[in-house]
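Taken in order, these protein sequences are the chains called A and B. Reading the first sequence from the start, the letters are residues 1 to 194 in the working numbering. Reading the second sequence from the start, the letters are residues 1001 to 1194 in the working numbering. These notes concern the structure reproduced below.
Number of protein chains: 2
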Amino acid sequence: MTDGDGTAGRIGDLIDRLGRLVRSQEQAGGLNPAQWEALRYLARANRFSRSPGALAEFLGSTKGTASQTVLALERKGLVRRERDPDDRRAVRLGLTGAGRTHLRRDPLREFAGAASALTKEAQNGLSAGLGDILGQLQRHNGRRPFGTCQHCRFFQRRGAAKQSDGPHRCILLDVALSEADSGLICVEQEEASA
Amino acid sequence: MTDGDGTAGRIGDLIDRLGRLVRSQEQAGGLNPAQWEALRYLARANRFSRSPGALAEFLGSTKGTASQTVLALERKGLVRRERDPDDRRAVRLGLTGAGRTHLRRDPLREFAGAASALTKEAQNGLSAGLGDILGQLQRHNGRRPFGTCQHCRFFQRRGAAKQSDGPHRCILLDVALSEADSGLICVEQEEASA
DNA sequence: ATTTTATAGTATCGAGTCGCTACTATTAGA
DNA sequence: TCTAATAGTAGCGACTCGATACTATAAAAT
Chain A
1 MTDGDGTAGR
11 IGDLIDRLGR
21 LVRSQEQAGG
31 LNPAQWEALR
41 YLARANRFSR
51 SPGALAEFLG
61 STKGTASQTV
71 LALERKGLVR
81 RERDPDDRRA
91 VRLGLTGAGR
101 THLRRDPLRE
111 FAGAASALTK
121 EAQNGLSAGL
131 GDILGQLQRH
141 NGRRPFGTCQ
151 HCRFFQRRGA
161 AKQSDGPHRC
171 ILLDVALSEA
181 DSGLICVEQE
191 EASA
Chain B
1001 MTDGDGTAGR
1011 IGDLIDRLGR
1021 LVRSQEQAGG
1031 LNPAQWEALR
1041 YLARANRFSR
1051 SPGALAEFLG
1061 STKGTASQTV
1071 LALERKGLVR
1081 RERDPDDRRA
1091 VRLGLTGAGR
1101 THLRRDPLRE
1111 FAGAASALTK
1121 EAQNGLSAGL
1131 GDILGQLQRH
1141 NGRRPFGTCQ
1151 HCRFFQRRGA
1161 AKQSDGPHRC
1171 ILLDVALSEA
1181 DSGLICVEQE
1191 EASA
């Protein structure tokens, strides 16, 4: 920041500089920053969210740009693309084995390493504070939060309401959700506690 | 992050996403992200550090790229360039009035705004934690810290050593430093406490 | 002094990025 | 069945950024 230089300004500055550092590290491994982030996203998104359109929303880019990113990842053999049999306009994306392997060399690990040198309290504080800022800005810009199913207002936990057991459910898309599904991120997610 | 997903991993992830958000906001105002960061840097760097080379180090880019950035800012009338009369290879940079005015519309203010919604403790924690991570990574990558003079090991406070009064001094470059100078960032800075 | 080497910066080129505007294919609605 | 609306891709063009090569000046070596 340039002005008042209070703590808040310094935080903005630090985020900016760390972001730049991330980007420069992310040139490694034959991928560019957008491709790294796409790869990470696809590893953690649920099946309704592994599409070029959802990726575009996540990256804050256009569909065209996201499409190019996906094509590049497919050329490198890290991502698999197939048409959805139910809606034949849609494309379903997924990581290949090579894609998952590649993620083990994620440059972001270096950042996680640096973070883990902090005390546990400091880590929790950082995580909470950054998450809060991100949430605020996303709301402010009308972006989706991309949280996980189990924190979503459309999430119906197993045993709730009528059905006594069976899987959890998404009452927006009206589908069953496995335990694993519930921990993945989703385009449609809306924070429960609001 | 993709794996263990501990708090540390989540922090890396958040930094990445916030960084991307910064970048997308920084397209505003007719400048690109690198230009915004250069403008901010030049507003806060001392006179030994307002050069294309120092800027390149700060941005983590090459001299060529930094040179282009500076040229672009000069074309827009935000930065002034002049040759140093003492070392005629060197170029000294500075903001114009328009440059300072432009900084008032810094998109990073939005982030500072979001940060200032946090409690004072949370802000201090964030600032300290992020600063720590940045410092670690800079050391690890052999980058300069770009701190301010008064925290530098070459800083000699007024009244120290022989000279009883007069200005502070930089004992690396052997020059006088005003009070204002001492709060500016410097390429040559090395943290005092190590 | 003169030569050599180092330093500061710029010019230029090419690969790649990204937003934008079409455009196709498929589905949903009137 | 005709008309939107939706998911995605193609291709263009402005721009970015790193790498290489180059000029000008300064410092070091002989």
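Just so you know, even glycine gets a beta-carbon here, dropped at the ideal spot from N, CA and C.
Tell me which residue opens and which closes the alpha helix (DSSP H) that residue i is part of.
i, result
"residue 28(A)", "Careful: residue 28(A) lies outside any alpha helix (DSSP H) and carries neither H nor E."
"residue 70(A)", "63-75"
"residue 1130(B)", "1120-1140"
"residue 95(A)", "Per DSSP, residue 95(A) belongs to no alpha helix (DSSP H); it is in the beta strand (DSSP E), 91-95."
"residue 1053(B)", "1052-1059"
"residue 6(A)", "Careful: residue 6(A) lies outside any alpha helix (DSSP H) and carries neither H nor E."
"residue 111(A)", "108-115"
"residue 43(A)", "33-44"
Since residue i meets chain A, which of its residues come closer than 7 Å, beta carbon to beta carbon?
i, result
"residue 1115(B)", "8, 11, 12, 133"
"residue 1024(B)", "60"
For residue i, decide whether its Cβ has a neighbour in chain A, counting only Cβ atoms nearer than 9 Å.
i, result
"residue 1136(B)", "yes"
"residue 1140(B)", "yes"
"residue 1127(B)", "yes"
"residue 1017(B)", "yes"
"residue 1075(B)", "no"
"residue 1028(B)", "no"
"residue 1173(B)", "no"
"residue 1031(B)", "no"
"residue 1190(B)", "no"
"residue 1021(B)", "yes"
"residue 1182(B)", "no"
Could you check whether the Cβ of residue i sits closer than 8 Å to any heavy atom belonging to the ligand NAP?
i, result
"residue 1182(B)", "Because no ligand of any kind appears in the structure shown, any question about the ligand NAP cannot be addressed here."
Using a Cβ-Cβ distance under 9 Å, would residue i count as near chain B?
i, result
"residue 123(A)", "yes"
"residue 3(A)", "Only weak support is given to the placement of residue 3(A): the predicted model assigns it a pLDDT of 38, under 50, and the value that follows is read from those uncertain coordinates. Judged by the 9 Å Cβ criterion, residue 3(A) is in contact with chain B."
"residue 82(A)", "no"
"residue 38(A)", "no"
"residue 169(A)", "no"
"residue 111(A)", "yes"
"residue 187(A)", "no"
"residue 69(A)", "no"
Can you tell me where the beta strand (DSSP E) with residue i in it begins and where it stops?
i, result
"residue 1082(B)", "1079-1083"
Cβ closer than 7 Å: which chain B residues qualify as neighbours of residue i?
i, result
"residue 118(A)", "1129, 1132"
Using a cut-off of 8 Å between C-beta atoms, extract the partners of residue i located in chain B.
i, result
"residue 179(A)", "Within 8 Å Cβ-Cβ: nothing; residue 179(A) doesn't reach chain B, min ~15 Å."
"residue 50(A)", "Chain B residues near residue 50(A): none, gap ~15 Å exceeds 8 Å."
Determine the chain A residues that contact residue i at a beta-carbon separation under 9 Å, and present them in chain order.
i, result
"residue 1055(B)", "Those within 9 Å of residue 1055(B) in chain A number zero; the least Cβ separation is about 13 Å."
Whole alpha helix (DSSP H) elements within the segment 140-191 of chain A, 4-residue minimum: 179-182
TODO: For the segment 39-56 of chain A and the segment 178-188 of chain A, state whether three or more C-beta atom pairs, one from each stretch, are separated by less than 8 Å.
DONE: yes
* **Segment contact, 8 Å Cβ cut-off, at least three pairs: the segment 1094-1112 of chain B with the segment 1073-1085 of chain B** => yes
* Using 8 Å as the threshold, is the segment 1036-1047 of chain B in touch with the segment 138-150 of chain A, meaning 3 or more CB pairs across them? -> no
Take every Cβ of the segment 1150-1158 of chain B, pair it with every Cβ of the segment 1114-1134 of chain B, and state whether three or more of those distances are shorter than 8 Å. no
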